[in-house]
Each structure stands twice: as structure tokens, then as C-alpha cells.
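Engineer:
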DNA sequence: ACACGTCAAGCGTGT
DNA sequence: ACACGCTTGACGTGT
């Protein structure tokens with residue numbers, strides 16, 4: 007089992023997704039920014055290893071405008087060595103990497119140009135994994151997309167687009183149940199049609215479900231991951247922010263809820279991404295809970311920073 | 001030095 | 001028709 011957090015390390019003064027405005031795009035600016043982002047990315051991964059956090063979601067903005075036509079800089083060749091070094095580090099320490107392209111990636115849009123831009127964004131993010139030399143156990147996670155007043159048609163459009171994706175994207179793509187439109191049940195139907203793994207989000211499942219218990223839901227999702235091709239199931243973990251609007255993520259890990267979740271998990275192996283606002287602070291507490299339950303080996307005591 | 005309006009992209013909901 | 005949340009920082013202009 008690995009524990010991770012998304013995109014940003016709040017302890018280090020180093021970010022892997024610094025960017026600039028489209029209006030101020032130049033190749034020089036791009037080159038400088040990517041160089042700095044990759045330097046910080048490696049630094050964050052090193053910090054994670056030192057703290058026993060072996061799962062990390064890399065932000066979409068490592069290469070600013072990575073799928074935008076304005077960006078014709080050959081960053082793939084210019085930074086081949088840096089990407090490779092990061093991939094080597096990931097493999098040397100058995101880290102797991104994911105990407106979560108954001109809401110603009112909609113594979114089931116009825117608008118062909120939106121689908122085309124979405125595919126280009128997935129190609130960009132998948133190519134970073136290729137450049138790192140990482141296999142298909144490292145994933146790109148997206149949602150099924152929009153509803154467009156016709157669930158069946160929306161699902162069938164997703165399936166049709168999925169089948170046309172470039173191989174490098176298709177082998178890495180996974181779908182996550184969302185909190186309002188496409189439930190675990192919907193994702194399982196897409197899986198049944200094309201074999202795409204389902205990345206389970208426990209909090210979204212609490213918001214939108216068809217009566218499956220948490221323990222059942224976890225096992226249904228786990229069964230969609232092919233052990234060698236996809237690796238151990240990945241999931242997102244969060245819980246409701248107390249007193250806030252339904253669906254809002256908690257600002258910090260609630261240890262008692264997490265312990266209850268671990269009971270539902272039972273003996274299932276899973277890599278857990280903590281989608282919690284205070285990032286690595288909660289990830290630390292999750293690790294402590296897991297070590298207490300004997301589910302994680304001991305790690306070096308967190309170094310003062 | 002600091003404040004704050006704004007930033008590539010989509011969708012559904014609420015007013 | 002339009003603003004908002006999603007996820008949030010931080011860019012970049014103006015003072």
C-alpha cells in the first residue's frame with residue numbers, strides 16, 4: 007500500500023507547475039519554466055521518499071501550454087534526460103505516479119473540437135510518462151464527462167472515443183466515479199464494454215451511489231484493475247467537510263473516519279491518494295494510522311524541515 | 001512592496 | 001443571461 011497527495015508540496019518552497027500567461031509566451035520563457043518545474047518535481051519526489059510517501063499526482067502544468075498549438079518548443083527532446091532521471095528515480099524507489107487532467111478534458115463531448123483538444127491534452131500528459139520510461143501501471147485519471155441530457159448516448163460516445171485513442175494514452179487511462187453525474191455503477195458499465203479500470207473515489211461514492219456498501223464498492227472497483235497491466239488499484243480518499251456544503255472536501259484528515267474506512271478496506275491492497283486540503287500534513291497522519299494498524303512498514307522518522 | 005483582478009480549455013446548477 | 005464551483009495558486013498589472 008502506498009499513500010500519496012496531489013500536485014503540491016506545501017512544505018517545500020518549490021513548485022512543479024509554475025506557469026505564465028499565454029499572452030507572454032516565448033520559447034525562452036517556456037524552457038526556463040520547464041527546467042525549474044522538473045527540478046522541483048524531482049525535489050518533491052525526494053522529499054516524499056524521505057517521508058515514506060510513495061504515491062504522487064503530478065500536476066497538469068509541468069509543461070505550460072503542453073497541448074496548446076502556441077507551444078512548438080521541442081521540450082520532449084530538450085528535457086529528455088531530465089524526464090528520464092525522474093523516471094529512473096521513480097523506479098528505483100518503487101514510487102507510483104498519476105496525472106489528473108482537469109475539467110477541460112471531456113472525451114464524450116458532442117463537440118468534435120473539444121474531443122480533439124482533450125485527446126491532445128491526454129497525449130501530452132501520457133508522453134511525460136513515456137519520456138520517464140514508466141509503464142502502464144502509472145495512470146491518467148479522468149471522469150466520464152458530461153451528461154448532455156442523455157446518459158446512454160453520453161456513455162456510448164465515451165466508449166467510441168476511448169476505442170480510437172492512441173495506444174500510449176489508452177493503456178494508461180482510467181475513469182473515476184464522480185459525485186453528481188457518473189456513479190461507480192456507470193463506470194463499471196464502461197469497464198464492462200472496453201476494459202478500462204475504474205479509479206474509485208470513496209467520497210464521490212458517498213455523494214452518488216446505488217446502494218452499494220463501501221466494502222462492496224471497493225471490491226467492485228478493484229476487480230477492474232488488471233494485476234500486471236494496471237497494477238494495484240488506485241483510489242482517491244476524502245470525506246465531507248464538517249458543516250460545509252455537501253460535496254466539499256474536508257480541510258484535514260479525520261482520523262476516526264479514515265480508521266473506519268480502513269475496516270471497509272479489509273485485506274484489499276490499494277494505493278491511496280488523499281484529496282485533502284492540507285496535503286502532506288494529512289498524508290503523514292494517514293501513514294501513522296496505517297503503521298499503527300500494521301499496514302505499512304516503519305519508515306524513517308520525518309525529518310525536521 | 002503590496003493588493004487584487006485575472007488566468008487556455010467544459011459542464012451542470014442555481015439565480 | 002450570467003455567475004459559480006470544481007481545484008488553487010500565482011501571474012502580472014497597477015498603485
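Residue numbers (our numbering): 7 to 311.
Every residue, glycine too, gets a C-beta built ideally from N, C-alpha and C.
Going by C-alpha distance, which of 166, 213, 178, 160 is nearest residue 184?
Structural biologist: Closest option to residue 184, Cα to Cα, is 213.
Engineer: Which runs of the alpha helix (DSSP H), 4 residues or longer, sit entirely within the stretch 195–283?
Structural biologist: Counting whole runs of 4 or more residues, the stretch 195–283 contains the alpha helix (DSSP H) stretches 208–213, 220–228, 261–271.
Engineer: Starting from the C-beta of residue 37, find all residues in its chain whose C-beta is less than 7 Å away, skip the five residues before and the five after it, and write them out in chain order.
Structural biologist: Result list for residue 37: 79, 84, in chain order.
Engineer: Rounding to the nearest angstrom, what Cα-Cα distance links residue 248 and residue 86 in this structure?
Structural biologist: If you take the alpha carbons of residue 248 and residue 86, they lie about 45 Å apart.
Engineer: In the DSSP assignment, find the unbroken alpha helix (DSSP H) run with residue 55 in it and report its ends.
Structural biologist: Taken as a continuous stretch (DSSP letters only), the alpha helix (DSSP H) holding residue 55 covers 33–56.
Engineer: Taking only runs that begin and end inside the stretch 79–115, name each unbroken beta strand (DSSP E) of 3 or more residues, in chain order.
Structural biologist: Listed in chain order, they are 102–105.
Engineer: Assess contact between the stretch 202–220 and the stretch 152–160, defined as three or more Cβ pairs (one per stretch) separated by less than 8 Å. Is contact present?
Structural biologist: No, the stretch 202–220 is not in contact with the stretch 152–160.
Engineer: So, do the stretch 93–109 and the stretch 33–47 have three or more beta carbon pairs nearer to each other than 8 Å?
Structural biologist: The stretch 93–109 vs the stretch 33–47: no contact.
Engineer: Check whether the stretch 118–127 touches the stretch 186–195, counting contact only when three or more Cβ pairs, one atom from each stretch, lie closer than 8 Å.
Structural biologist: No, the stretch 118–127 does not touch the stretch 186–195.
Engineer: Since I believe residue 66 is in contact with residue 147 (beta carbons under 8 Å), could you give me their beta-carbon distance rounded to a whole number of angstroms?
Structural biologist: About 11 Å; that fails the 8 Å criterion.
Engineer: Work out the CA separation of residue 286 and residue 231 for me, nearest whole Å.
Structural biologist: C-alpha separation (whole angstroms): 26 Å.
Engineer: How about the stretch 268–287 and the stretch 51–64: do they share at least three Cβ pairs that are nearer than 8 Å?
Structural biologist: In short, these stretches touch, since the Cβ pair count reaches three.
Engineer: Should residue 10 go down as buried or exposed, given a rule of 16 or more other Cβ atoms within 10 Å for buried?
Structural biologist: Burial call: buried.
Engineer: Spatial neighbours of residue 150 within its chain, please: CB distance less than 6 Å, with the 5 preceding and 5 following residues excluded, ordered by chain position.
Structural biologist: Answer for residue 150: 164, 181, 188, listed in chain order.
Engineer: In the DSSP assignment, find the unbroken alpha helix (DSSP H) run with residue 157 in it and report its ends.
Structural biologist: Run containing residue 157: 157–170, per the alpha helix (DSSP H) assignment.
Engineer: Exposed or buried, which one is residue 92 when buried takes at least 16 other CB atoms within 10 Å?
Structural biologist: Buried: at least 16 other Cβ atoms inside 10 Å.
Engineer: For residue 46, I'd like the list of residues in its chain whose CB is within less than 7 Å of its CB, leaving aside the five on either flank, ordered along the chain.
Structural biologist: Hits under 7 Å: 20, 21, 22.
Engineer: Since residue 120 is in the alpha helix (DSSP H), which residue starts that stretch and which ends it?
Structural biologist: Where residue 120 is concerned, the enclosing alpha helix (DSSP H) stretches over 118–138.
Engineer: With DSSP collapsed to three states, give me the class of residue 16.
Structural biologist: Residue state, collapsed to three classes: coil.
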